[in-house]
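Comments concern the structure below.
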Amino acid sequence: MTHTTPPEPRRWAIFAILLVGSFLPPLDFFIVNVALPSIQSELGASTSAEQLVISSYAALYAVTLISGGRLGDLYGRGRMFLVGLAGFAAASLLCGLAWSPAALIAGRALQGVTAAIMAPQALASVHAIFPEADKPRALALYGAVFGLASVIGQALGGILISLDLFGMGWRMIFLVNLPVVLLVLAFGPPLLKEARAPRSSRLDPGGTALSVLALGALIVPLIEGREAGWPWWSWPALCAAPLLAWSFWRYESGLVRAGGAPLVDPSSLRAPGMRRALAIALLLYALAAFFLLFSIYLQNALHVSALDAGLVFLPFGVGYLLGPLATPLGRRLLGDWVNPIGMALMAAGFVGLAALVAAIPVGVAPPGATLAALLFAIGFGQGLALPSLMRMITGRVVPTHAGMIAGVASSTLQVGTALSVALIGGIFYTVRGVHDEPAAITDAFIVAILCIAFCLGLGAVLGATLARRANVVPAVTGRSSGA
């Protein structure tokens, strides 16, 4: 895209502030996992309440991301970031002072909604305020933020609980957000530049309601269903999801014909290659099931301690942190091929891991160096694939729709996460059956990670078809065809 106005001179400072909104949501997802035993002990939370501490945040975050991104387009990305950040601070305070499981779940639900308001603004700003020459570096930093969150999330949770600062125990994993938020609120507002769509002054309420219903009908059963034993309501909800999605699409298309401003502009999703790029995003997070299943394999089949199991993931985190930093160089050398190469590297890493686990006796730990190399390759591949994929998606719309498509992209990743845990996790438990012996767990783990490799390989093929067309597809404003 050719810029007719000089780039925003403070764009890197603005972006650095907005990245806080991309860092805190994944951090608070990872950090709470290690605190669940302490929460259960102090608050007397039941197993179902513990699950809701996780799932209430994940579900509401996923279903409101599109609305959060569109709010930034309409009312200003800096303004909505600050609103979301302030709400996230209030929610974190509620979680940190929670006096009952219900209060903690309410705080987590509020965290999910407010995180969805602030998180898309950083990705949207890349397309809206950066010239083409700066976008690869900005997206590399955006991807590195996720890698950093994955590296320190669970480790920070364990450290804070063990330190027991001010006698607050697990509560510090939520209260630690407050100093960060206060610093941003103190110094950020003067820097944040308002950028919004020139038309429309309000959110599309009908589209918002239909999008939340459609995504909720899909995501809530997938997140809650298996843990709850697939209750009766999960199946009607899943069956209703396609009908609700179709109704949402028809409503938005009709709103455009009537001259209104939709939540999701159908012309943006018809941009050449857009639907294929979103399909790649859906396949990329097939990886999500791996973290749960690898922990089960390590602790139940190899009898590794929880602390040591967490340390095993460190090479993945280091690779995920370094991969995005290598993306600008990769784009200069390879263009849009960076994404399929990254996904192919991930797929190859999982195939190698399956072969490694299959080649050693049951119950014997894989060689440490080989395992670390494979995990590093998987993390590095994801670090390459994610920022380049976000550029492939956001670069296909005009800047005034950047927040909307950032929300769509982030929501697609969350749907991919839920599908991965439900479907690939379901395959794992089906293959394992009722047996809890190391052999059964090992066989199920191998089958599951080969399924992940297949999804990533398919994503690499789709990415290659896009990369063959052109390095950058021009942004569109009107109707177009193509997938």
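All you need for our numbering is the position in the sequence shown, starting with 1, plus 1. A virtual CB, placed ideally from N, CA and C, is assigned to each residue, including glycine.
Next on the checklist: Alpha carbons only, please: which of ALA117, PRO8, TRP250, LEU66 is nearest the one belonging to GLU133?
Outcome noted: Ranking ALA117, PRO8, TRP250, LEU66 by CA distance to the CA of GLU133 puts PRO8 first.
Checklist entry - Ordered along the chain, which non-local residues of its own chain (more than five positions away) have a Cβ less than 7 angstroms from that of ILE428? => result Correct list, in chain order: VAL448, ALA449, CYS452.
Checklist entry - Between ILE18 and the rest of its own chain, which residues show a CB-CB distance below 7 angstroms, the 5 nearest in sequence each way excluded? => result If we look at ILE18 and ignore the five residues flanking it on each side, its Cβ neighbours are VAL185, GLY189, LEU192, LEU193.
Checklist entry - Expressed to the nearest angstrom, what Euclidean distance is found between the alpha-carbon atoms of ALA125 and ALA302? => result Distance from the CA atom of ALA125 to the CA atom of ALA302, rounded to whole angstroms, is 43 angstroms.
Next on the checklist: If the criterion is Cβ atoms closer than 9 angstroms, does the pair LEU166 and LEU285 meet it?
Outcome noted: For LEU166 and LEU285, no; Cβs fall outside 9 angstroms.
Item to check | Extent of the continuous alpha helix (DSSP H) to which TRP13 belongs | outcome: Looking at the DSSP string, the run of the alpha helix (DSSP H) that includes TRP13 is 12-32.
Item to check | Three-way DSSP call (helix, strand, coil) for TRP231 in this model | outcome: Coil.
Checklist entry - Are GLY426 and LEU219 close, meaning C-beta to C-beta below 9 angstroms? => result Judged by beta-carbon spacing, LEU219 lies beyond the 9 angstroms limit of GLY426, meaning their Cβ atoms are not closer than that value.
Item to check | ASN178 in three-state terms, based on DSSP | outcome: Helix at ASN178.
Item to check | Between the CA atoms of GLY260 and PHE31 - distance to the nearest angstrom | outcome: Near 43 angstroms, if we compare the C-alpha coordinates of GLY260 and PHE31.
Checklist entry - Per DSSP, what kind of secondary structure is ALA403 in: helix, strand or coil? => result DSSP places ALA403 in helix when its eight states are reduced to three.
Checklist entry - Quick one: what does DSSP say ALA468 is sitting in, helix, strand or coil? => result ALA468 falls in the helix class under three-state DSSP.
Next on the checklist: With distance defined between alpha-carbon atoms, name the residue in VAL462, GLY69, GLY396 nearest to SER411.
Outcome noted: The shortest Cα separation from SER411 among VAL462, GLY69, GLY396 belongs to GLY69.
Checklist entry - Contact between the region 206-226 and the region 234-244: three or more CB pairs below 8 angstroms? => result Judged by Cβ distances under 8 angstroms, the region 206-226 makes contact with the region 234-244, as three or more pairs qualify.
Item to check | For TYR430, the nearest candidate out of GLY417, LEU161, THR418, ASP444 (CA to CA) | outcome: Out of GLY417, LEU161, THR418, ASP444, ASP444 has the C-alpha closest to the C-alpha of TYR430.
Checklist entry - What are the start and end residues of each continuous alpha helix (DSSP H) run of 4 or more residues lying completely inside the region 403-447, in chain order? => result As for any alpha helix (DSSP H) of minimum length 4 sitting wholly inside the region 403-447, the runs are 403-420, 426-433, ordered along the chain.
Next on the checklist: Looking only at its chain, what residues have a beta carbon closer than 6 angstroms to the beta carbon of GLU486, apart from the 5 residues adjacent to it on each side?
Outcome noted: Residue 486 lies beyond the range of the chain shown here (2 to 484); nothing can be said about it.
Checklist entry - Where do the ends of the alpha helix (DSSP H) carrying SER212 lie? => result Start and end: 206-225.
Next on the checklist: Considering just the uninterrupted stretch of the alpha helix (DSSP H) at ALA278, what are its terminal residues?
Outcome noted: Run containing ALA278: 275-285, per the alpha helix (DSSP H) assignment.
Next on the checklist: So, does the region 334-346 touch the region 458-470, judging by three or more C-beta pairs under 8 angstroms?
Outcome noted: They touch, by the three-pair rule.
Checklist entry - Whole-angstrom Cβ separation of ILE394 and ALA246, contact assumed at under 8 angstroms? => result Not confirmed; about 19 angstroms, so no contact.
Checklist entry - Is the beta carbon of LEU57 sitting closer than 9 angstroms to the one on ALA110? => result It should be noted that the sequence gives Ser, not Leu, for residue 57. Contact flag set, yes.
Next on the checklist: Taking the straight line between their C-alpha atoms, what separation do you get for LEU179 and GLY320?
Outcome noted: Our two residues, LEU179 and GLY320, have alpha carbons roughly 29 angstroms apart in a direct line.
Checklist entry - In or out: VAL114 buried (at least 16 other Cβ within 10 Å) or exposed? => result Taking every protein chain shown into account, the CB of VAL114 has 16 or more other CB atoms within 10 angstroms, so this residue is buried.
Item to check | Counted within 10 angstroms of its Cβ, other Cβ atoms place HIS4 as buried (16 or more) or exposed | outcome: Its pLDDT being 47, under 50, HIS4 is placed unreliably in this model, and the coordinates cannot settle the point.
Item to check | Euclidean distance between Cα positions of ALA386 and TYR298 | outcome: Roughly 26 angstroms between the two C-alpha positions.
Checklist entry - Excluding the five sequence neighbours on either side, which residues of its own chain have a C-beta within less than 7 angstroms of the C-beta of ALA287, listed in chain order? => result Cβ neighbours of ALA287 beyond the five flanking positions: GLY417, SER421, ILE425, ILE453, CYS456, LEU457.
Checklist entry - Cα separation between ALA356 and MET347? => result Taking the straight line from one Cα to the other gives about 14 angstroms.
Item to check | Nearest-angstrom Cα separation, counted from VAL399 out to GLY73 | outcome: Between GLY73 and VAL399, the C-alpha separation is close to 14 angstroms.
Checklist entry - Looking at the structure shown, is MET81 part of a helix, part of a strand, or coil, going by DSSP? => result Residue state, collapsed to three classes: helix.
Checklist entry - Quick one: Cα of THR65 to Cα of ALA59, how far? => result The straight-line gap separating the alpha-carbon atoms of THR65 and ALA59 is approximately 10 angstroms.
Item to check | When ALA117, PRO243, LEU223 are compared against GLY234, the one with the closest alpha-carbon | outcome: Just to set this straight, residue 234 is Trp in the shown sequence, not Gly. Comparing Cα positions, the closest option is LEU223.
Item to check | Alpha carbon of SER269 to alpha carbon of PRO206, nearest angstrom | outcome: Approximately 19 angstroms, taken between the alpha carbons.
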